[in-house]
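Have a look at the structure below, then the notes.
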Amino acid sequence: MIIIPARLKSTRFPHKVLTQIYGIPMVVRTAQLAKEIDDVIVACDEPIIAEVCTRYNVRSILTSNTHESGTDRIAECARILKLTKEEIIINLQGDEPFLEQEVILSLKRLMEREAKSRGKVPFMGSCAKPITEKQANDPNLVKVVLNAKNEAIYFSRSIIPYNRENVDGIGYLGHLGIYAFSGESLQEFCKLPKSTLESLEKLEQLRALEYSKTIVMAKVESQSFGIDTKEDLERALKQFTH
């Protein structure tokens, strides 16, 4: 199951999930690209989003408009749907209308493989892509370092790892903001108290690491980026074709 959290009053780009992209609302375009991979539902905070989804034959559920994060929103949606503890739930952001389908599929397959080998769905999963050193120095692009099992060790807005001796060929990994949980771990994650590291870096996924939870990572290739501002949208429309 893919659940797309959609909030109407985004701080930096109000009503962005309903912004038209080639004549289609952003959240609808995001849902459409995901529908070929798994069942999709939009978890929205205002009736107007649900009405737009219905117009385009996209399933939606109205959730509370007081949630602090998209993860809290999809957790409520999962409870409403009565999803099982073992269900693999992918949290796909509503502002990712250009994300490659292969990225979503890679995460889904990773969670399925890990569930089979471990005998249980991993607590959490996400994706990382190779980035340049210049990109790694951008605090708006989150970096991640992995262990030998391709599990996340740490996420940061700072450059990691720090190349103290200027060694050539350091491979930096950028984090993609798509997550997967089991039905059980999603509810558990939302009940964990906010962590110190999460508050410092403003990165929700650090909560899982600070409480010693495993985050398995899929390495992918992607040119996509989230649309946080109107400038991001303009850049995306120039970069991606219809």
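The sequence shown begins at 0 in numbering that gives the first Met the number 0 and counts up one residue at a time. Backbone N, C-alpha and C fix where the C-beta goes; we use that ideal spot for every residue, glycine too.
Extent of the continuous alpha helix (DSSP H) to which residue i belongs
i, result
"Phe-188", "182-190"
"Ala-235", "229-238"
"Ile-226", "Premise fails: Ile-226 is in no alpha helix (DSSP H) and is neither H nor E."
"Ile-79", "69-80"
"Val-27", "25-33"
"Ser-198", "195-200"
"Leu-205", "205-209"
Nearest-angstrom beta carbon gap, residue j and residue i [assumed within contact, 8 Å]
i, j, result
"Ile-242", "Phe-180", "With the chain covering only 0 through 241, there is no way to say anything about residue 242."
"Arg-58", "Val-41", "7 Å"
"Leu-199", "Phe-154", "The Cβ separation is near 12 Å, so there is no contact."
"Val-51", "Leu-17", "6 Å"
"Asp-44", "Thr-62", "6 Å"
"Met-123", "Lys-34", "Not a contact, Cβ separation roughly 24 Å."
"Ala-74", "Leu-191", "That pair is no contact at about 12 Å."
"Ser-105", "Val-219", "5 Å"
"Glu-111", "Pro-121", "Not a contact, Cβ separation roughly 10 Å."
"Lys-15", "Asp-94", "6 Å"
Own chain, CB closer than 6 Å to residue i, minus 5 neighbours either side, in chain order
i, result
"Glu-209", "Ser-194 and Leu-196"
"Asn-162", "Ile-169"
"Arg-6", "Asp-44"
"Leu-172", "Ala-127 and Val-143"
"His-66", "Arg-72"
"Gln-134", "Leu-140"
"Pro-24", "Leu-17 and Val-51"
"Pro-4", "Ala-42, Gly-69, Arg-72 and Ile-73"
"Phe-239", "Phe-97"
Residue i: first and last residue of the uninterrupted beta strand (DSSP E) it sits in
i, result
"Pro-46", "Element bounds for Pro-46: not the beta strand (DSSP E) but the alpha helix (DSSP H), 46-54."
"Leu-61", "59-61"
Cβ shell of residue i (< 8 Å), same chain only, five flanking positions each side left out
i, result
"Thr-83", "Gly-182"
"Thr-228", "Arg-11 and Phe-12"
"Thr-131", "Tyr-171"
Counterpart residues of residue i in DSSP-defined beta bridges
i, result
"Ile-177", "In DSSP, Ile-177 forms no bridge with anything."
"Tyr-171", "Ile-130"
"Ile-1", "Val-39 and Ile-89"
"Val-215", "Gly-124 and Glu-150"
"Ile-20", "Ile-23"
Same chain, Cβ closer than 7 Å to residue i, five either side skipped, listed in chain order
i, result
"Asn-136", "Ile-158"
"Ile-20", "Arg-28 and Pro-96"
"Glu-150", "Thr-213, Ile-214, Val-215 and Met-216"
"Ser-68", "Glu-203"
"Gly-176", "Gln-92 and Gly-225"
"Ile-152", "Val-144, Leu-145 and Asn-146"
"Asp-242", "Given that the chain is displayed from residue 0 to residue 241, the structure contains no residue 242 and the question cannot be resolved."
"Ala-207", "Phe-122, Met-123, Phe-188 and Ile-214"
"Arg-156", "Pro-138, Val-141 and Glu-200"
Residue i at chain D interface by Cβ criterion, 9 Å
i, result
"Asp-137", "Absence of chain D from the displayed structure is noted, only one protein chain being present."
Exercise. Can you give, in chain order, each stretch of the beta strand (DSSP E) that sits fully within the segment 87-157 and has at least 3 residues?
Worked result: Qualifying beta strand (DSSP E) stretches, in chain order: 87-90, 123-130, 142-145 and 151-155.
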